[in-house]
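Numbering-wise (my numbering), the sequence shown opens with residue 1 and increments by one. For each residue, glycine too, the CB sits at the ideal point set by N, CA and C. Computed from a predicted structure; not experimentally measured. In what follows, a structure is listed as structure tokens, so that the remarks can point back to it.
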Amino acid sequence: MYIMRGKIYQRLTGSDYSGEWTKNRLSVDGWQQFNHLEFLVMWLRHAKVEVVGEETVGGRDSFVLRLHPSTPDFWPILLREGGSVPLVRDGKLDPVQRDFIKSATATWWVDKQTFAFTRMRVAIGLEWREAQRSASGPATQLSRQPVPQGEFGKVPSGKDWAIDTVIEFHPRAYNQPVMVVLPPEAWQAIEGLVFPLR
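Structure below.
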């Protein structure tokens, strides 16, 4: 995933669009208001946290923390993170929509001395069944914004499906300048969904 010039570029894997690149616009106002520290605090408030071990990451001795949010409580975390949240209308979900997330865990590696992150992983399991679509109505979308038929984000009609997503962060330097170089193939990315940050 790359973030530059007001857009997120991401290469898709494990789907019909595997290998394709998509680009999503960012909300400028939301980006300026985004508070990463507050997002991490939300994780701590909504999850059971346990220390599961110690590892060395990039030469730094680190504690390994495992976080297990309950499924209903994971939605506010996603809302706080500000991604393109599936099946959310006005920040509220009915029970059918809430069942869309089947599992969610996070693993944090934290430096023993500075308590800075040395690594972070978030794993999310999503599942959709046609019965859920029928119960929540034919207009249900996987984002807040409707998209043309055949593009990313629309719930497949007449299908049951599941997606397992793993996102990893590997911080290399704190408070240092960063140069982002986009892979050449990403410049041909398909215009995806609006990705507002809140």
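**Message:** Could you compute how far the alpha carbon of residue 21 sits from the alpha carbon of residue 11?
**Reply:** 4 Å
**Message:** Helix, strand or coil for residue 188? Go by DSSP, reduced to three states.
**Reply:** helix
**Message:** What does the Cβ neighbour count give for residue 43, buried or exposed, with the cut at 16 atoms within 10 Å?
**Reply:** buried
**Prompt:** Does DSSP put residue 42 in a helix, in a strand, or in coil?
**Reply:** helix
**Message:** Let me check one thing: in DSSP terms, what residues is residue 61 bridge-paired to?
**Reply:** 56
**Request:** Between the Cα of residue 67 and those of 173, 102 and 46, spot the shortest distance and give me the residue it belongs to.
**Result:** Residue 46 holds the alpha-carbon nearest to the alpha-carbon of residue 67 among 173, 102 and 46.
**Request:** Sort out for me which residues DSSP pairs residue 113 with in a bridge.
**Result:** Bridge partners of residue 113: none, in fact.
**Request:** May I ask you to report which of helix, strand or coil DSSP gives residue 67?
**Result:** The answer is strand: DSSP assigns residue 67 an E or B state.
**Message:** Quick check: the Cα distance between residue 23 and residue 183, rounded to an integer number of angstroms?
**Reply:** Rounded to whole angstroms, residue 23 and residue 183 show a C-alpha spacing of 13 Å.
**Asked** In three-state terms, what does DSSP make of residue 12?
**Response** coil
**Request:** Would you check if the distance between the CB atom of residue 64 and the CB atom of residue 128 is smaller than 9 Å?
**Result:** no
**Request:** Assign residue 126 to one of three DSSP states: helix, strand, or coil.
**Result:** strand
**Prompt:** To which residues does DSSP link residue 48 through a beta bridge?
**Reply:** 68
**Asked** Which partner residues does residue 119 have in the DSSP bridge list?
**Response** Beta-bridge pairing links residue 119 to 109.
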